[in-house]
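FYI, the numbering for the sequence shown is 0 to 172, going by numbering that gives the first Met the number 0. Backbone N, C-alpha and C fix where the C-beta goes; we use that ideal spot for every residue, glycine too. The structure displayed is predicted, hence computed values, not measured ones. As structure tokens, the structure follows; a few thoughts come after it.
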Amino acid sequence: MSLETWWQSALVFVRENETSIELALFAFAFAESIIFASVFVPSTPIFIGIGALEGAADGPLIPLIVAGTLGAIAGDLASFTIGYRFRNELPRIWPLGNHPEQLARARSFVERWGIVAILASKLSGPLRPIVPMLVGANGMPRWRFVAASAVSSIVWAVLVLAPAYYGLHAITH
Numbered sequence: 000m001s002l003e004t005w006w007q008s009a010l011v012f013v014r015e016n017e018t019s020i021e022l023a024l025f026a027f028a029f030a031e032s033i034i035f036a037s038v039f040v041p042s043t044p045i046f047i048g049i050g051a052l053e054g055a056a057d058g059p060l061i062p063l064i065v066a067g068t069l070g071a072i073a074g075d076l077a078s079f080t081i082g083y084r085f086r087n088e089l090p091r092i093w094p095l096g097n098h099p100e101q102l103a104r105a106r107s108f109v110e111r112w113g114i115v116a117i118l119a120s121k122l123s124g125p126l127r128p129i130v131p132m133l134v135g136a137n138g139m140p141r142w143r144f145v146a147a148s149a150v151s152s153i154v155w156a157v158l159v160l161a162p163a164y165y166g167l168h169a170i171t172h
């Protein structure tokens, strides 16, 4: 199969499977944002690839951003809830128990920066799932956390999807 044939097949797949792609983006954003699953799911490159394919296929960008944002918020809430529920056991839970120095640095970051830590962590790969969990463990009010998560998740989805979307759209049209 030539590269051109593969490319055309990929574009047809994207055009014909819009809803499936949005559901996949939701799932990948959720996995990237939830503690434990984020270790195994490289969502950012997948987002970039899907954004690029959608741009080349003239697909809509807004539904992708919405799906990514909602998945990230749901994952953040899951991590927040895990932190709240297991706050006393966190140092013994894998993978946190294997890296006590990183857990201590993340806790210090959260305690020092509070709500700003949530915004900054969304743009920092390693801290993305840990900070919501630690914020939950520290007892931040859920409504405040959800507001910060929503803002950071929108920014993250736009920054990851839009450049690839518009970049490949510009190249292919």
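- Listed in chain order, the non-local C-beta contacts of L167 below 7 angstroms within the same chain comprise A51, G54, A55, local neighbours out to five positions each way being set aside.
- In the three-state scheme derived from DSSP, where H, G and I count as helix and E and B as strand, I33 is classed as coil.
- Measuring C-alpha to C-alpha distances from L24 to each of E15, L160, A169 identifies L160 as the nearest.
- For D75, the enclosing alpha helix (DSSP H) starts and ends at 61–84.
- E21 has its alpha-carbon roughly 10 angstroms from the corresponding atom of L60.
- S148 is positioned such that its CB atom lies closer than 8 angstroms to that of P131.
- Using a 10 angstroms sphere on the CB of E31, the tally of other CB atoms reaches 16 or more, which defines it as buried.
- Look at the beta carbons and you see the region 71–87 touching the region 121–137: at least three pairs across the two are nearer than 8 angstroms.
- Using a 10 angstroms sphere on the CB of I117, the tally of other CB atoms reaches 16 or more, which defines it as buried.
- Going by C-alpha positions, F79 is about 43 angstroms away from H172.
- The C-beta distance from K121 to W155 rounds to 5 angstroms, short enough to fall under 8 angstroms.
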